[in-house]
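Student: Have a look at the structure that comes next, please.
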Amino acid sequence: MLRSVHSARLAAHLLVAAGLLLVGLAQAAAYPQRSINWLVAFPAGSATDQLARVLAEHIARQAGQAIVIENKPGANGLLGSAAAAKAAPDGYSFFIATSTTHAANASLYRKLPYDPIKDFAPVARLAEIPFVMLVNPAVPADSLAGFVGHARAHPNQLAWGSGSSGSLIPGHALVSANKLALTHVPYKGVQPAMTDTIGGTIQLVFADLASAVPQVKAGKLRALAVTSARPHAMLPAVPPLAQAVPGFEMTAWFAIYAPAGTPEPVLAQMNKWVRAALADAGVRQRLTLAGFELTPSTPAELGLFAAKETLKWAKAVQAAGLQPE
Numbered sequence: 653m654l655r656s657v658h659s660a661r662l663a664a665h666l667l668v669a670a671g672l673l674l675v676g677l678a679q680a681a682a683y684p685q686r687s688i689n690w691l692v693a694f695p696a697g698s699a700t701d702q703l704a705r706v707l708a709e710h711i712a713r714q715a716g717q718a719i720v721i722e723n724k725p726g727a728n729g730l731l732g733s734a735a736a737a738k739a740a741p742d743g744y745s746f747f748i749a750t751s752t753t754h755a756a757n758a759s760l761y762r763k764l765p766y767d768p769i770k771d772f773a774p775v776a777r778l779a780e781i782p783f784v785m786l787v788n789p790a791v792p793a794d795s796l797a798g799f800v801g802h803a804r805a806h807p808n809q810l811a812w813g814s815g816s817s818g819s820l821i822p823g824h825a826l827v828s829a830n831k832l833a834l835t836h837v838p839y840k841g842v843q844p845a846m847t848d849t850i851g852g853t854i855q856l857v858f859a860d861l862a863s864a865v866p867q868v869k870a871g872k873l874r875a876l877a878v879t880s881a882r883p884h885a886m887l888p889a890v891p892p893l894a895q896a897v898p899g900f901e902m903t904a905w906f907a908i909y910a911p912a913g914t915p916e917p918v919l920a921q922m923n924k925w926v927r928a929a930l931a932d933a934g935v936r937q938r939l940t941l942a943g944f945e946l947t948p949s950t951p952a953e954l955g956l957f958a959a960k961e962t963l964k965w966a967k968a969v970q971a972a973g974l975q976p977e
């Protein structure tokens, strides 16, 4: 009798579990039923924003629903990251993360308003890109060595700006390695820092390649170095920053995450859409011409990559002589 009761209960539990599984599968099959929000922690026009908009256009066609880009810049990506971490894990909120938000900030701040690991579920890597050292054309320096010499000859007369860890760390590394006396001006993003460099308010900024190249080609800024190990194909005559900062190498990377707790079928579906977008010839051409190197991955590969990068950026922060705020 007891065995029959237990068997009946077990059968009932199995039926409930099977029912929940079928409901989950049905929901996944019907996904998405409305527009999907992608939060970007940097301003419109930034490399993160450019990348997100190109991918969103392709993925929206795959999903049959709009991908809405929400820019929430400020505090080196902290504001947007914190907002993304608190978003509902319902499959309709995603975050376009960067090496700033999910690697460098852990070493730049004593306490983050979000946990890069616990608050997010990895979806896929997207791309990476180097930074470019840019100066106002009025600065009398046509080379990296020339700028260092000019800065040494004019202590405390030049200012440089940063709008992300990618523009902050190489700037501090340059100053520290060459014992320069420059004034640092923080910005909410690289774009406003570039605008002030063009206008002459500050003289130097490190900006991502996608944002830098158009201004260099227009003659509004002069490129003196790249943060990659070798010159980039889009700026073949521009040397690595390592010529003035021995051993320095750093590229910004981008990835897509969802709030922790987002259903696994949704994560898998978004990963599938992202990989299809990155494999599309038109998307690849647009992003490659902008300077991006595409880096598709599985969610697990992104998780391992981010963990390694966090350690790498911690060493870069320490080498640049930066103390956590």
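Residue 653 is where the sequence shown starts when you use my numbering, and the numbers rise one by one after that.
Here a beta-carbon is modelled for each residue, glycine too, at the ideal position from N, C-alpha and C.
These numbers were taken from a predicted model, which means no experiment stands behind them.
Should D742 be labelled buried (16 or more other beta-carbon atoms within 10 Å of its own) or exposed?
Tutor: Looking up residue 742 in the sequence shown gives position 90. Taking all protein chains shown into account, D742 has fewer than 16 neighbouring C-beta atoms within 10 Å of its C-beta and is therefore exposed.
Student: Considering only residues of the stretch 677-764, which uninterrupted alpha helix (DSSP H) runs meet the minimum length of 4 residues and lie entirely inside it, listed in chain order?
Tutor: 699-715, 730-737 and 757-760
Student: Helix, strand or coil: which one does DSSP assign to R874?
Tutor: Residue mapping note: residue 874 aligns to position 222 of the sequence shown, counting from 1. Reduced to three states, the DSSP call for R874 is strand.
Student: Return the Cβ separation of V837 and G813 in integer angstroms, given the expectation that the two are a contact with Cβ distance under 8 angstroms.
Tutor: Translated into positions along the sequence shown, residue 837 becomes position 185. Translated into positions along the sequence shown, residue 813 becomes position 161. Their Cβ separation, rounded to whole angstroms, is 5 angstroms, which keeps V837 and G813 in contact under 8 angstroms.
Student: What does a CB cutoff of less than 6 angstroms around H754 pick up in its chain, not counting 5 residues either side in sequence?
Tutor: Your numbering for residue 754 matches position 102 in the sequence shown. Contacts found: P768 and A958.
Student: How is P883 classed by DSSP in three states: helix, strand or coil?
Tutor: Taking the first residue of the sequence shown as position 1, residue 883 is located at position 231. Looking at P883 - three-state DSSP - the assignment turns out to be coil, as it is neither helix nor strand.
Student: Could you check where the beta strand (DSSP E) with E780 kicks off and where it finishes?
Tutor: Numbered from 1 along the sequence shown, position 128 holds the residue referred to as residue 780. Element bounds for E780: F772 to V787.
Student: Residues in the same chain with beta-carbon distance under 7 angstroms from R938, minus the five sequence neighbours each way, listed in chain order, please.
Tutor: Along the sequence shown, one-based indexing puts residue 938 at 286. Here the set comprises V706.
Student: Determine the burial state of T835: buried for a count of at least 16 other Cβ atoms within 10 Å of its Cβ, exposed for fewer.
Tutor: Here residue 835 refers to the residue found at position 183 of the sequence shown. With fewer than 16 other Cβ atoms within 10 Å, it is exposed.
Student: How many Å lie between A971 and K924 at the Cα?
Tutor: One-based indexing of the sequence shown puts residue 971 at position 319. One-based indexing of the sequence shown puts residue 924 at position 272. Roughly 38 angstroms between the two C-alpha positions.
Student: Could you compute how far the alpha carbon of Q975 sits from the alpha carbon of L893?
Tutor: Translated into the one-based positions of the sequence shown, residue 975 becomes position 323. Translated into the one-based positions of the sequence shown, residue 893 becomes position 241. Between Q975 and L893, the C-alpha separation is close to 22 angstroms.
Student: In chain order, what residues of the same chain lie with their CB nearer than 6 angstroms to the CB of A870, ignoring the 5 residues before and after it?
Tutor: Looking up residue 870 in the sequence shown gives position 218. The answer is none, since no qualifying residue turns up.
Student: For a test of the three-state rule: what should DSSP assign to D932, helix, strand or coil?
Tutor: For the purposes of this step, residue 932 is taken as residue 280 along the sequence shown, with counting starting at 1. Three-state result, D932: coil.
Student: At the 8 angstroms Cβ level, is A693 part of the contact set with chain B, yes or no?
Tutor: In the structure shown, chain B does not exist; there is a single protein chain.
Student: Along the chain, where does the alpha helix (DSSP H) containing S863 start, and where does it finish?
Tutor: Within the sequence shown, residue 863 is the residue found at index 211, counting from 1. Run containing S863: L861 to K869, per the alpha helix (DSSP H) assignment.
Student: Whole angstroms is fine: what's the gap from K724's alpha carbon to I748's?
Tutor: Position 72 of the sequence shown, counting from 1, holds the residue named residue 724. Position 96 of the sequence shown, counting from 1, holds the residue named residue 748. C-alpha separation (whole angstroms): 11 angstroms.
Student: In its own chain, which residues sit with a C-beta less than 7 angstroms from the C-beta of S759, not counting the 5 before and 5 after it?
Tutor: Sequence index remark: in the sequence shown, residue 759 carries index 107 (1-based). Cβ within range, chain order: W965, A966, V969 and P976.
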